[in-house]
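For the record, the sequence lines run as chains X and C.
Per my numbering, the very first residue in the first sequence carries number 423; after that it's consecutive.
Per my numbering, the very first residue in the second sequence carries number 423; after that it's consecutive.
Here is the structure we will look at, set down as structure tokens.
There are 2 protein chains.
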Amino acid sequence: MTVTLVNGVRTNALDAADRGLMYGDGLFETLRISQGKACHWGLHMARLSAGCARLGISGLDQSVLEAEVLDLVSPVENGVLKIVVTRGIGDRGYRPPAASTPTRILQVHSAPNYPAAFAADGITARLCSTRLGRNPLLAGMKHLNRLEQVLARAEWRDPAVAEGLMLDTFGLVVGGTMSNLFFVLDGALCTPDLAECGVAGVTRQRILEYARRQNIPLHVARYTLEDFQASAEAFFCNSLIGVWPIRRLDNQTWPIGDMTRRIATALDSEETAG
Amino acid sequence: MTVTLVNGVRTNALDAADRGLMYGDGLFETLRISQGKACHWGLHMARLSAGCARLGISGLDQSVLEAEVLDLVSPVENGVLKIVVTRGIGDRGYRPPAASTPTRILQVHSAPNYPAAFAADGITARLCSTRLGRNPLLAGMKHLNRLEQVLARAEWRDPAVAEGLMLDTFGLVVGGTMSNLFFVLDGALCTPDLAECGVAGVTRQRILEYARRQNIPLHVARYTLEDFQASAEAFFCNSLIGVWPIRRLDNQTWPIGDMTRRIATALDSEETAG
Chain X
423 MTVTLVNGVR
433 TNALDAADRG
443 LMYGDGLFET
453 LRISQGKACH
463 WGLHMARLSA
473 GCARLGISGL
483 DQSVLEAEVL
493 DLVSPVENGV
503 LKIVVTRGIG
513 DRGYRPPAAS
523 TPTRILQVHS
533 APNYPAAFAA
543 DGITARLCST
553 RLGRNPLLAG
563 MKHLNRLEQV
573 LARAEWRDPA
583 VAEGLMLDTF
593 GLVVGGTMSN
603 LFFVLDGALC
613 TPDLAECGVA
623 GVTRQRILEY
633 ARRQNIPLHV
643 ARYTLEDFQA
653 SAEAFFCNSL
663 IGVWPIRRLD
673 NQTWPIGDMT
683 RRIATALDSE
693 ETAG
Chain C
423 MTVTLVNGVR
433 TNALDAADRG
443 LMYGDGLFET
453 LRISQGKACH
463 WGLHMARLSA
473 GCARLGISGL
483 DQSVLEAEVL
493 DLVSPVENGV
503 LKIVVTRGIG
513 DRGYRPPAAS
523 TPTRILQVHS
533 APNYPAAFAA
543 DGITARLCST
553 RLGRNPLLAG
563 MKHLNRLEQV
573 LARAEWRDPA
583 VAEGLMLDTF
593 GLVVGGTMSN
603 LFFVLDGALC
613 TPDLAECGVA
623 GVTRQRILEY
633 ARRQNIPLHV
643 ARYTLEDFQA
653 SAEAFFCNSL
663 IGVWPIRRLD
673 NQTWPIGDMT
683 RRIATALDSE
693 ETAG
């Protein structure tokens, strides 16, 4: 069951003139709810703020948002919180209104029912034929223009395939349809640079910070599919799935490596520690 | 005043779980209403259908849509009809539902209040710094992922500047923020190829067909900003503005040329002929 709050009111009704619908003029966050708490709240809010600043969406009162979220998630043992913030209601036309009030949409969903084996034993993935366009102006943000991900995720329905790997239009590796990608190359932890496309995930950020704290050799760079295929281990990550080791992508197989285990364990213990 | 119809019901209320909001998973059309008729209905519906096919949105009943539109526009002397079609309501996650019913949102707006001088005497335009990302998978469609246009249109508020010229990330000329671009180079009518980005407008299509019928030398190709700057005349077009001759872009000026006058006149007479 889904509970929805639009601008603080329990309703599913959004104004059809909202620019979030008309132009995808907004941002979203997806958070895990555990024991009545929205996990990694600060990191998600920092990303949301940064996105609002980049899109020029002003006037979001984070204290109001936080109060609404506290209210919604405190009775929830396990679930998912989705937060959508749009530029608000506008007239016809691309130009943002001189003054607009951002729309806040909060949804509480039940926890996703991914098989526990995905995290424990790893997953089968596929290479998507849908490519990601490159635009530094939008890169990294979790904005509402997500047709590329929709088309990529529509490529398969086989439930045994858990995630799809996406390349950009130059053929560089970006990540999963709904997740970021890490892999180990020559002993170093590697993840694609997201300056041109992709979503800079909160879990990706946590892993980068962990690797830096632990002095794990780390490269954030441009990688081709061949670079990725040369990896010794690889995994997808996001706030809901945690870490999913990649065991197979099309015809190639990987073991679950030590680095993947170590990072999954570290994230888990952070999670428990709150 | 705006009249809104959501799935045939007079309401502004859209379900917040609509994928049009969540992912920009849908398409739109903007039509001129003149004397109780939605102008160039067939061309707009053909484009909408083609877009639905490309996005895999099925189940839109065009006869229902047409009946709703007839009902809405017949009392309207002059105005704007906006049609939004989304993939419909979905669960959380990018994957399109196995079965979904498209959402139809119809809005009737008052006619835009652009100064008559824009069409008669031409406009001042500016070069936008916001660039368009290139992705053939999405190019040409009037889909709901329009953040690039929003950011471009947010670059200026001076009402004396009527439109902005947009380049793609390669520096190729694409068109206006809300319009297509034509210009005359060495006596030939030229318009950017839209295989990598941009919206293939209905008015653009009408102009292409007119030029072919009239044996006007015509090139649809990749153009740099320098190509455009070498043009003898130039104009923006869309279904609402018709033709706006470009008289100035930043420091360069153009006369209103014969080709521009001829095409504006031809479009006008088609309009009157229905």
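Backbone N, C-alpha and C define an ideal beta-carbon position, used for all residues, glycine too.
Boundaries (first-last residue) of the alpha helix (DSSP H) holding residue i
| i | result |
| --- | --- |
| X/D543 | A538 to D543 |
| X/W463 | W463 to L477 |
| X/I508 | The residue asked about is misnamed: residue 508 of chain X is Thr in this sequence, not Ile. X/T508 -> not in any alpha helix (DSSP H); beta strand (DSSP E) instead, spanning N500 to T508. |
| X/L647 | L647 to Q651 |
| X/T424 | Here X/T424 belongs to no alpha helix (DSSP H), and DSSP marks it neither H nor E. |
| X/E631 | V624 to R635 |
| C/A489 | Q484 to V495 |
Rounded Cβ spacing between residue i and residue j (contact assumed at less than 8 Å)
| i | j | result |
| --- | --- | --- |
| C/A584 | C/I545 | 4 Å |
| C/R568 | X/G446 | 6 Å |
| X/L465 | X/Q627 | 6 Å |
| C/A439 | X/T424 | 7 Å |
| C/G679 | C/V606 | 6 Å |
| X/S661 | X/L427 | Wrong, their Cβ atoms sit about 20 Å apart, outside the cutoff. |
| C/V596 | C/G620 | 4 Å |
| C/F658 | C/S601 | 4 Å |
| X/V507 | X/P518 | Incorrect: roughly 14 Å between the Cβ atoms, too far for contact. |
| X/L689 | X/T625 | 7 Å |
| C/A656 | C/L603 | 7 Å |
| C/L443 | X/L443 | 5 Å |
For residue i, the first and last residue of its enclosing beta strand (DSSP E)
| i | result |
| --- | --- |
| C/V665 | G664 to L671 |
| C/S532 | T525 to S532 |
| X/N660 | E655 to N660 |
| C/L640 | L640 to A643 |
| X/P614 | A610 to P614 |
Chain A within 7 Å of residue i, Cβ atoms only
| i | result |
| --- | --- |
| C/V665 | Absence of chain A from the displayed structure is noted, the protein chains being X and C. |
Any non-hydrogen atom of the ligand MG within 6 Å of residue i CB
| i | result |
| --- | --- |
| C/V596 | Ligands displayed in this structure: none; no statement on the ligand MG is therefore possible. |
Inter-stretch contact at 8 Å, needing at least 3 Cβ pairs: the segment 472 to 487 of chain X / the segment 587 to 606 of chain C: no
Those runs of the alpha helix (DSSP H) which lie wholly inside the segment 548 to 604 of chain C and span at least 4 residues: 569 to 575
Near-chain X residues of the segment 436 to 447 of chain C (beta-carbon distance less than 8 Å), N- to C-terminal order: L436, D437, A438, A439, D440, R441, G442, L443, M444, Y445, G446 and D447
Segment contact flag, the segment 668 to 687 of chain C with the segment 558 to 574 of chain C, C-beta cutoff 8 Å, min 3 pairs: no
The segment 492 to 502 of chain X contacting the segment 427 to 435 of chain C, beta-carbon criterion three pairs below 8 Å: no
Residues from the segment 560 to 572 of chain C in contact with chain X, defined by Cβ distance under 8 Å: L560, H565, L566, N567, R568, L569, E570, Q571 and V572
Contact residues within the segment 530 to 544 of chain C, judged by C-beta distance below 9 Å to chain X: H531 and P534
Cβ pair count under 8 Å reaching 3, the segment 639 to 649 of chain X against the segment 534 to 543 of chain X: no
Contact residues within the segment 644 to 662 of chain X, judged by C-beta distance below 8 Å to chain C: none
Every unbroken beta strand (DSSP E) within the segment 428 to 468 of chain X, with a cutoff of 3 residues, ordered by chain: 435 to 437 and 448 to 456
The segment 542 to 560 of chain C touching the segment 668 to 676 of chain C, judged by at least three CB pairs closer than 8 Å: yes
Three CB pairs or more closer than 8 Å across the segment 457 to 467 of chain X and the segment 487 to 500 of chain X: yes
Chain-ordered residues of the segment 578 to 609 of chain X with a beta carbon less than 7 Å from chain C: T591, T599 and M600
Contact between the segment 506 to 526 of chain C and the segment 551 to 562 of chain C (3+ Cβ pairs under 8 Å): no
Residues from the segment 617 to 641 of chain X in contact with chain C, defined by Cβ distance under 9 Å: E618 and C619
Residues of the segment 470 to 481 of chain C whose Cβ lies closer than 8 Å to any Cβ of chain X, in chain order: L477 and G478
Short-range partners of chain C found in the segment 666 to 696 of chain X, where Cβ spacing is below 9 Å: none
Members of the segment 497 to 508 of chain C that neighbour chain X once the beta carbon cut-off is set at 9 Å: V502, K504, V506 and T508
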